[in-house]
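Asker: Just passing along the structure, written as structure tokens.
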Amino acid sequence: MDGARPQPWIGGHAFLSDCATAALVAPDGTVDWMCAPRFDSPSLFAGILDSHRGGGWHLEVEGARPVERRYLDGTLALETRWEGAGTSAVVTDLLAVRHSGPSLRSEGVLVRLVRCVSGLATVVSRVAAAPDYARRGADWRPDGHGLLRERSGPLLWGTGVPRTGADGAVEYRHEISEGGTAAFALDYLGESGVTDTAGCEALVERTLESWRAWSDRTRYDGAGAQHVRRSAIVLRGLLHEESGGLIAAPTTSLPEWPGEARNWDYRYVWHRDAALAVLAFLRLGHEAEARGYLDYLLRTFRRTPQRLGPVHTVDGELPPEEEELDHLDGHVGTGPVRIGNGARGQNQIDVYGHVLDAALSYQHAVGDLTEQDLHGLWRIATAARGLRPCRGHGPWESRGEPRHWTTSRVYLWVCLDRAVQLAELTGHRDPPPVDAWREEARSLHAEILEQGVDPGSGAFMQSYGSDRVDGSLTRVPLVGFLSGRDPRVLRTLERLDAELGVEGAGDLLQRYHPIHTRDGLETDEGAFLLCSFDMVSALVLAGRVDDAQRRFERLCERGGPLGLLSEEMDAHGTMLGNFPQAFSHLAQINAAINLDSAGDVEALREWARRRSGGHAPAKDGRETAPSGRERSA
492 MDGARPQPWI GGHAFLSDCA TAALVAPDGT VDWMCAPRFD SPSLFAGILD SHRGGGWHLE
552 VEGARPVERR YLDGTLALET RWEGAGTSAV VTDLLAVRHS GPSLRSEGVL VRLVRCVSGL
612 ATVVSRVAAA PDYARRGADW RPDGHGLLRE RSGPLLWGTG VPRTGADGAV EYRHEISEGG
672 TAAFALDYLG ESGVTDTAGC EALVERTLES WRAWSDRTRY DGAGAQHVRR SAIVLRGLLH
732 EESGGLIAAP TTSLPEWPGE ARNWDYRYVW HRDAALAVLA FLRLGHEAEA RGYLDYLLRT
792 FRRTPQRLGP VHTVDGELPP EEEELDHLDG HVGTGPVRIG NGARGQNQID VYGHVLDAAL
852 SYQHAVGDLT EQDLHGLWRI ATAARGLRPC RGHGPWESRG EPRHWTTSRV YLWVCLDRAV
912 QLAELTGHRD PPPVDAWREE ARSLHAEILE QGVDPGSGAF MQSYGSDRVD GSLTRVPLVG
972 FLSGRDPRVL RTLERLDAEL GVEGAGDLLQ RYHPIHTRDG LETDEGAFLL CSFDMVSALV
1032 LAGRVDDAQR RFERLCERGG PLGLLSEEMD AHGTMLGNFP QAFSHLAQIN AAINLDSAGD
1092 VEALREWARR RSGGHAPAKD GRETAPSGRE RSA
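Heads up: the sequence shown is residues 492 to 1124, going by this note's numbering.
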């Protein structure tokens, strides 16, 4: 593979993970993205961001082409079948893990195993590493036992004799006959140093066993079960095993629209993913993952108890300051390439509500929050209450002027509402100011209905004083702020479809109009898959189950043969933005589960009751007045 190769689009990639870092594999067999030793470390391969300089690990069977790719059942192991004249071979790619109970521990090794099915197969493996975001060339040196060690630490082993070119790339060329195997391993930690085919095969078997042991604990066989199970595996791959934090995506700077500047680094943990993630893991039976994520959130808040920042690294620190890498061209020439994230200093008021919502869901399902946990949650609620007068950057991290985003105000209400419910549920011996929180929640609820609803159309607006809707408003019924059949919710859904639905692709929904929103960029972007799946859930609560089912099926079809979802998508189904995207997979899971419950009225009402503070909607859709411990409408 000499020179630059055509860059495949985002959605053509497969995703590998060992719950410490990740790799993306292009359809032609090239690993063109991988950071080491963890998700947000500098890249070793970055060809997805620059086909000339970025580097990659290309593997092919000479005279053959890849004709089929699939994940082995219940795993993140990719299998690719190569066919050519007189040859057939199967390649298995994975990042090795081992399991201990619910844990998936990284082995620190990327394994590529080639088995010849028929004929003769000439396997070519070319490792063109470009360390530190391609800011320097690779420097491989012999390290004994057939190993090569790169100056930064990784060890490389392969079947055959390696040849290092003038450009620093290492190439293996090896012929295998029917039934034969060639193996290649990159030990990115530089510790174990796999030195034979048997060692690679053992890692593959242990990894398959470990992933399947985890997948077998997924308790779901309802609507969209195949998609839900795949999304659960993807989410587990995005969950950092050591810390419990869920990264938004394993990539940086994949463009939200070709030729535009909406390119961001998503290799960090956003707290607004918390409620969706904890709820999804709980609903699928993975309580350890839900608990681990909640522990991560509480540890992070203890570091800065006066403020819950919107985004952190997997070890709970602030992300680096945002930096542009001018030496990289960007994906298909769309720059800039950014590392770090400028949202680190933003005021995002909604994140407080997400954390309390996650905690309440967890306590309902598991019930083992400790006194220390609860004290931390009370501090979060107290901090959130003090933010009521403040404007923020909203759920989309707008780089325009701060404002009172309606969804952020709703989540501020969620924070106080869930704090009240949690205090009453736990019977806390050292009671927090529940009465003050309850009164603040009542007052805030009334304020939102007065200032967040357009008097003309009766629909919720993007922000106070705006005349535009916003895709995040699908969350209004999903968090129980109003019934899904409340006229104000129904009118909001109607306007969302009319104003933000993508022409020619009725299942896709944009998050907002960039120009009218004045988000600091005002450039085009794709439809948001999070909002599109959340619309499915909102339609279920609105009683439009058939419509929700049709949308869900069309959206899932857009995921492609590997079932992976990006952040955004255009009307033709081209995936855009960082990939795979946790938010999209979380929303898909919850949409499927809500659809599955739609035929079970009691189950759906119980879910809605818990989300709405303990009271069910009246038959006409308007919320009933609260009494005693119930919240106000």
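The beta carbon of each residue, even a glycine, is placed where N, CA and C say it ideally should be. From a predicted model like this one, the values you see are computed outputs, not experimental measurements.
By DSSP, does R1049 sit in helix, in strand, or in coil?
Answerer: Walking along the sequence shown from the start, residue 1049 turns up at place 558. Of the three classes helix, strand and coil, the one that applies to R1049 here is coil, per DSSP.
Asker: What separation, rounded to the nearest whole angstrom, lies between the Cα atoms of Y784 and P923?
Answerer: Walking along the sequence shown from the start, residue 784 turns up at place 293. Walking along the sequence shown from the start, residue 923 turns up at place 432. Whole-angstrom Cα-Cα distance: 24 Å.
Asker: Taking Cβ to Cβ, would you say N1069 is nearer than 8 Å to S1028?
Answerer: The residue given as residue 1069 occupies position 578 in the sequence shown. The residue given as residue 1028 occupies position 537 in the sequence shown. Not a contact, by the Cβ cut-off of 8 Å.
Asker: Which residue's Cα is closest to the Cα of G545: A660, F1043, E733 and E985?
Answerer: Counted from its first residue, the sequence shown places residue 545 at position 54. When each option's Cα is compared against that of G545, the closest is A660.
Asker: Can you check which of these residues, A555, E941 and Y1003, is closest to G956 by C-alpha distance?
Answerer: The residue you call residue 956 lines up with position 465 of the sequence shown. The shortest Cα separation from G956 among A555, E941 and Y1003 belongs to E941.
Asker: Just tell me which of L586, G554, L569 and P593 has its CA closest to the CA of G577.
Answerer: On the sequence shown, residue 577 is found 86 positions in, with the first residue counted as 1. Per the Cα distances, G554.
Asker: Could you give the C-beta distance for A1089 and F1043, rounded to a whole number, given that I count them as a contact under 8 Å?
Answerer: Here residue 1089 refers to the residue found at position 598 of the sequence shown. Here residue 1043 refers to the residue found at position 552 of the sequence shown. 11 Å between Cβ atoms; not a contact.
Asker: Just checking Y624 against the ligand GTP - is the residue's beta carbon closer than 7 Å to any of the ligand's heavy atoms?
Answerer: With respect to the ligand GTP, the structure offers nothing, as it holds no ligand at all.
Asker: Report the option in E751, V970, E574 and T521 whose CA atom is closest to the CA atom of D1015.
Answerer: Against the sequence shown, residue 1015 aligns to sequence position 524. Ranking E751, V970, E574 and T521 by Cα distance to D1015 puts E751 first.
Asker: Compare the beta carbon distance of P533 and P622 with 8 Å and say whether it is the shorter of the two.
Answerer: Position 42 of the sequence shown holds residue 533. Position 131 of the sequence shown holds residue 622. Going by C-beta atoms, P533 is nearer than 8 Å to P622.
Asker: Going straight from the alpha carbon of P749 to that of L540, what length do you get?
Answerer: Taking the first residue of the sequence shown as position 1, residue 749 is located at position 258. Taking the first residue of the sequence shown as position 1, residue 540 is located at position 49. Approximately 13 Å, taken between the alpha carbons.
Asker: Anyone know if the C-beta pair for L907 and R882 falls short of 8 Å?
Answerer: Position 416 of the sequence shown holds residue 907. Position 391 of the sequence shown holds residue 882. Going by C-beta atoms, L907 is not nearer than 8 Å to R882.
Asker: Are the beta-carbon atoms of R603 and L550 separated by less than 8 Å?
Answerer: Residue 603 sits at position 112 when you count from the first residue of the sequence shown. Residue 550 sits at position 59 when you count from the first residue of the sequence shown. Yes.
Asker: Note down, in chain order, each residue of its chain lying with its Cβ closer than 6 Å to the Cβ of R720, except the 5 sequence neighbours on either side.
Answerer: The residue given as residue 720 occupies position 229 in the sequence shown. Excluding sequence neighbours, R720 sits near T709.
Asker: Does any C-beta atom of chain D lie closer than 8 Å to the C-beta of R720?
Answerer: In the displayed structure, chain D is absent; only one protein chain is listed.
Asker: Does DSSP put E1114 in a helix, a strand or coil?
Answerer: On the sequence shown, position 623 is the one that residue 1114 refers to. Below a pLDDT of 50, predicted positions are generally treated as unreliable, and E1114, at 41, falls in that range; the measurement from the model is reported next regardless. Note: E1114 maps to coil in three-state DSSP.
Asker: In whole angstroms, give me the CA-to-CA distance for A537 and A587.
Answerer: Indexing the sequence shown from 1 puts residue 537 at position 46. Indexing the sequence shown from 1 puts residue 587 at position 96. Between A537 and A587, the C-alpha separation is close to 21 Å.
Asker: Anyone know if the C-beta pair for M1060 and L1053 falls short of 8 Å?
Answerer: The sequence position of residue 1060 within the sequence shown is 569, counting from 1. The sequence position of residue 1053 within the sequence shown is 562, counting from 1. No.
Asker: One question on the structure: do T672 and T686 come within less than 8 Å of each other, judged by their Cβ atoms?
Answerer: Taking the sequence shown and counting its residues from 1, one reaches residue 672 at position 181. Taking the sequence shown and counting its residues from 1, one reaches residue 686 at position 195. Cβ atoms of T672 and T686: not closer than 8 Å.
Asker: Measure the alpha-carbon distance for A1116 versus P978 and round it to whole angstroms.
Answerer: Mapped onto the sequence shown, residue 1116 falls at position 625. Mapped onto the sequence shown, residue 978 falls at position 487. Because the pLDDT of A1116 is 28, which lies under 50, any placement of that residue in the model is unreliable, and the question is left without a value.
Asker: By DSSP's criteria, Y562 is part of a beta bridge. Which residues make up the other side?
Answerer: Along the sequence shown, read from residue 1 onward, the residue named residue 562 stands at position 71. Paired residue(s): L569.
Asker: Do the CB positions of G1127 and D1087 come within less than 8 Å of each other?
Answerer: There is simply no residue 1127 to check, as the chain begins at 492 and stops at 1124 in what is shown.
Asker: Skipping 5 residues on each side, what residues in its chain have a beta carbon closer than 6 Å to that of H866?
Answerer: Taking the first residue of the sequence shown as position 1, residue 866 is located at position 375. No residues qualify anywhere along the chain.
Asker: With distances taken from CA atoms, which of G836, G502 and Q1079 is nearest E747?
Answerer: Reading the sequence shown from its first residue, position 256 is the one you call residue 747. Here the closest residue by C-alpha is G502.
Asker: Give the secondary structure of G1119 by DSSP, where H, G and I count as helix, E and B as strand, and everything else as coil.
Answerer: As a position in the sequence shown, residue 1119 is number 628, starting the count at 1. Confidence in G1119 is poor, its pLDDT being 28 and thus under 50, which makes the residue's placement unreliable; the coordinate value appears in the next sentence. Here G1119 sits in coil by DSSP.
Asker: Per DSSP, what kind of secondary structure is R790 in: helix, strand or coil?
Answerer: Translated into positions along the sequence shown, residue 790 becomes position 299. If DSSP states are grouped into helix, strand and coil, R790 belongs with the helices.
Asker: Helix, strand or coil for T709 per DSSP?
Answerer: The residue labelled residue 709 in the question sits at position 218 within the sequence shown. Looking at T709 - three-state DSSP - the assignment turns out to be coil, as it is neither helix nor strand.
Asker: Rounded to the nearest angstrom, what separates A674 and T650 at their Cα positions?
Answerer: What you label residue 674 is simply residue 183 of the sequence shown in a count that begins at 1. What you label residue 650 is simply residue 159 of the sequence shown in a count that begins at 1. Roughly 6 Å between the two C-alpha positions.
Asker: Tell me the rounded alpha-carbon separation between G971 and V805.
Answerer: As a first step, residue 971 is located in the sequence shown; it is residue number 480 there, counting from the start. As a first step, residue 805 is located in the sequence shown; it is residue number 314 there, counting from the start. Looking at the two C-alpha atoms, the distance is approximately 30 Å.
Asker: Have a look at R529, R561, D531 and H543 and flag the residue whose alpha-carbon is nearest the alpha-carbon of G1051.
Answerer: Reading the sequence shown from its first residue, position 560 is the one you call residue 1051. Cα-wise, what sits closest to G1051 is R561.
Asker: How would you write the range of the alpha helix (DSSP H) that A1033 sits in, first residue to last?
Answerer: Your numbering for residue 1033 matches position 542 in the sequence shown. No alpha helix (DSSP H) holds A1033; DSSP gives it neither H nor E.
Asker: Going by beta carbon distance, what residues of the same chain come within less than 8 Å of H1007, once the five residues before and after it are set aside?
Answerer: The residue given as residue 1007 occupies position 516 in the sequence shown. Once the five neighbours on either side are set aside, the close Cβ partners of H1007 are R959.
Asker: With distances taken Cα to Cα, identify the nearest neighbour of H762 among Y679, E732, R829 and Y902.
Answerer: As a working mapping, residue 762 is identified with position 271 in the sequence shown. Considering only alpha carbons, the answer is Y902.
Asker: Excluding the five sequence neighbours on either side, which residues of its own chain have a C-beta within less than 8 Å of the C-beta of C510, listed in chain order?
Answerer: Your numbering for residue 510 matches position 19 in the sequence shown. Closer than 8 Å at Cβ, skipping near neighbours: V588, L595, R596, S597, R727, G728, L730, H731 and E732.
Asker: When DSSP labels each residue in this structure, what does T825 get in the three-state scheme?
Answerer: For the purposes of this step, residue 825 is taken as residue 334 along the sequence shown, with counting starting at 1. In this structure, T825 counts as strand in the three-state DSSP scheme.
Asker: At the level of alpha carbons, what is the spacing between G1064 and G656?
Answerer: For the purposes of this step, residue 1064 is taken as the residue at position 573 of the sequence shown. For the purposes of this step, residue 656 is taken as the residue at position 165 of the sequence shown. Distance between the alpha carbons of G1064 and G656: 40 Å.
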